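In this note's numbering, the protein residues as written are 662 to 895. Single-structure report; data block below.
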């Protein structure tokens with residue numbers, strides 16, 4: 662448990678606030694299996710979750726032992742367009758948790774996804790107003806994305822809160838690596854449908870300060886439920 666309530670919260674996005682991790686990795690697994698490299702969604706999540714840009718492509722090409730076919734990017738773009746149109750639902754308990762936070766508690770999103778993706782799905786789950794302009798992308802706002810800590814440090818600076826006084830919610834090993842390196846208090850969140858029985862153990866091995874299987878546990882770990890009736894009743 663944290664020594665005192667945090668002065669700010671920094672959220673990862675995919676797998677923390679929305680249920681996009683399984684769906685996205687299932688698509689990658691289907692594609693790779695279709696080109697002769699049998700891959701399960703679980704394998705895709707273990708190897709690629711939380712990566713973006715060149716790191717993402719490099720990890721896939723290392724996995725299959727060759728360059729990706731030219732149509733991979735078109736296939737991913739088509740899948741992203743489909744998901745953008747349909748919208749992705751929230752992780753269980755995420756909406757209630759965010760809406761119960763004290764209005765004066767600074768919060769931000771620090772994600773490997775694009776700001777366009779984040780804003781679309783925040784609109785879809787009804788949390789756009791809860792984050793305002795405090796939405797940051799490792800592809801757009803910093804030179805080094807996750808697993809570097811830069812995007813978390815950028816978010817803390819934008820919030821005007823020392824990183825040591827922030828708490829970060831992360832679900833992926835890649836993201837947790839950067840979060841731990843940032844110096845914040847880090848909770849490894851295992852609430853999404855993509856988290857298997859060993860997920861918390863993998864995050865603890867990275868060095869997160871605590872793990873939580875749901876948002877009520879997050880509220881207790883951050884001591885927020887002691888002062889906020891809405892969080893006590895999650």
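Even glycine gets a Cβ: it sits at the ideal position worked out from N, Cα and C. Predicted model, so just to flag it, every value in this text is computed and none were measured.
What is the rounded straight-line gap between the Cα of residue 797 and the Cα of residue 858? In the chain shown, residue 797 corresponds to position 136, counting from 1. In the chain shown, residue 858 corresponds to position 197, counting from 1. Roughly 30 angstroms separates the two Cα atoms.
Give the C-beta separation of residue 779 and residue 672 to the nearest angstrom, bearing in mind that I take them to be a contact with Cβ-Cβ under 8 angstroms. The residue given as residue 779 occupies position 118 in the chain shown. The residue given as residue 672 occupies position 11 in the chain shown. With 8 angstroms as the limit, residue 779 and residue 672 do not qualify as a contact, their Cβ atoms being about 10 angstroms apart.
Relative to the alpha-carbon of residue 861, which residue among 837, 845, 884 and 877 has its alpha-carbon at the smallest distance? Taking the chain shown and counting its residues from 1, one reaches residue 861 at position 200. It is 837.
Would residue 705 be called buried (16 or more neighbouring beta carbons within 10 Å of its own) or exposed? What you label residue 705 is simply residue 44 of the chain shown in a count that begins at 1. So residue 705 counts as buried.
Pair within 8 angstroms by beta-carbon distance, residue 945 and residue 830: Past the edges of the chain, shown from 662 to 895, lies residue 945, and the structure says nothing about it.
Taking the alpha carbon of residue 808 as the reference point, which residue from 761, 840, 728 and 800 has its own alpha carbon closest? Stepping through the chain shown from its first residue, residue 808 is reached at position 147. The candidate whose alpha carbon is nearest that of residue 808 is 840.
Mind checking which residues open and close the alpha helix (DSSP H) that includes residue 825? Along the chain shown, read from residue 1 onward, the residue named residue 825 stands at position 164. Element bounds for residue 825: n/a, residue is neither H nor E.
Kindly indicate which three-state DSSP category residue 796 falls into: helix, strand or coil? In the chain shown, the residue the question calls residue 796 occupies position 135. Correct three-state label for residue 796: strand.
Could you tell me the distance, in whole angstroms, from the CA atom of residue 667 to the CA atom of residue 883? Counting from one through the chain shown, the residue named residue 667 turns up at place 6. Counting from one through the chain shown, the residue named residue 883 turns up at place 222. Cα to Cα, residue 667 sits roughly 7 angstroms from residue 883.
Reducing DSSP to helix, strand and coil, say where residue 852 ends up. Residue numbering aside, residue 852 sits at position 191 when the chain shown is read from its first letter. DSSP places residue 852 in coil when its eight states are reduced to three.
Near residue 721, what residues of its chain come up, given a Cβ to Cβ distance below 7 angstroms and the 5 sequence neighbours on each side ignored? As a working mapping, residue 721 is identified with position 60 in the chain shown. Once the five neighbours on either side are set aside, the close Cβ partners of residue 721 are 709 and 729.
Buried or exposed by the 16-neighbour rule on C-beta atoms within 10 Å, applied to residue 723: As a first step, residue 723 is located in the chain shown; it is residue number 62 there, counting from the start. Label assigned to residue 723: exposed.
Less than 8 angstroms separating the beta-carbons of residue 850 and residue 873? Residue numbering aside, residue 850 sits at position 189 when the chain shown is read from its first letter. Residue numbering aside, residue 873 sits at position 212 when the chain shown is read from its first letter. Yes, they are a contact pair.
Could you check where the alpha helix (DSSP H) with residue 780 kicks off and where it finishes? Residue numbering aside, residue 780 sits at position 119 when the chain shown is read from its first letter. Taken as a continuous stretch (DSSP letters only), the alpha helix (DSSP H) holding residue 780 covers 776 to 786.
Less than 8 angstroms between the CB atoms is what I'm expecting for residue 749 and residue 782, so what's the real figure, rounded? As a first step, residue 749 must be located in the chain shown, where it is residue number 88. As a first step, residue 782 must be located in the chain shown, where it is residue number 121. Sure, about 5 angstroms apart at Cβ, within 8 angstroms.
Which complete beta strand (DSSP E) runs does the region 714 to 774 hold, if anything under 3 residues is left out? 768 to 772
Kindly provide the ranges of any alpha helix (DSSP H) runs that are 4 or more residues long and lie completely inside the region 664 to 695, ordered along the chain. 682 to 695
When 786, 791, 892 and 777 are compared against residue 799, the one with the closest alpha-carbon: Walking along the chain shown from the start, residue 799 turns up at place 138. Of the listed residues, the one whose Cα sits closest to residue 799 is 777.
Can the beta-carbon of residue 848 be found closer than 8 angstroms to that of residue 835? In the chain shown, counting from the first residue as 1, residue 848 sits at position 187. In the chain shown, counting from the first residue as 1, residue 835 sits at position 174. No, the pair does not count as a contact, with Cβ atoms beyond the cut-off.
Taking the alpha carbon of residue 737 as the reference point, which residue from 693, 761, 697 and 703 has its own alpha carbon closest? Taking the first residue of the chain shown as position 1, residue 737 is located at position 76. The shortest Cα separation from residue 737 among 693, 761, 697 and 703 belongs to 693.
Could you compute how far the alpha carbon of residue 718 sits from the alpha carbon of residue 815? Looking up residue 718 in the chain shown gives position 57. Looking up residue 815 in the chain shown gives position 154. One C-alpha to the other measures close to 25 angstroms.
Rounded separation between residue 745 and residue 785 - CA only: As a first step, residue 745 is located in the chain shown; it is residue number 84 there, counting from the start. As a first step, residue 785 is located in the chain shown; it is residue number 124 there, counting from the start. Spanning the alpha carbons of residue 745 and residue 785 requires a straight line of approximately 10 angstroms.
In the DSSP assignment, find the alpha helix (DSSP H) that holds residue 873 and state where it starts and stops. Against the chain shown, residue 873 aligns to sequence position 212. Element bounds for residue 873: not the alpha helix (DSSP H) but the beta strand (DSSP E), 871 to 873.
Would you tell me roughly how many angstroms separate the C-alpha atoms of residue 680 and residue 833, rounded to the nearest one? As a working note, residue 680 is residue 19 in the chain shown. As a working note, residue 833 is residue 172 in the chain shown. When rounded, the distance between both Cα atoms is 13 angstroms.
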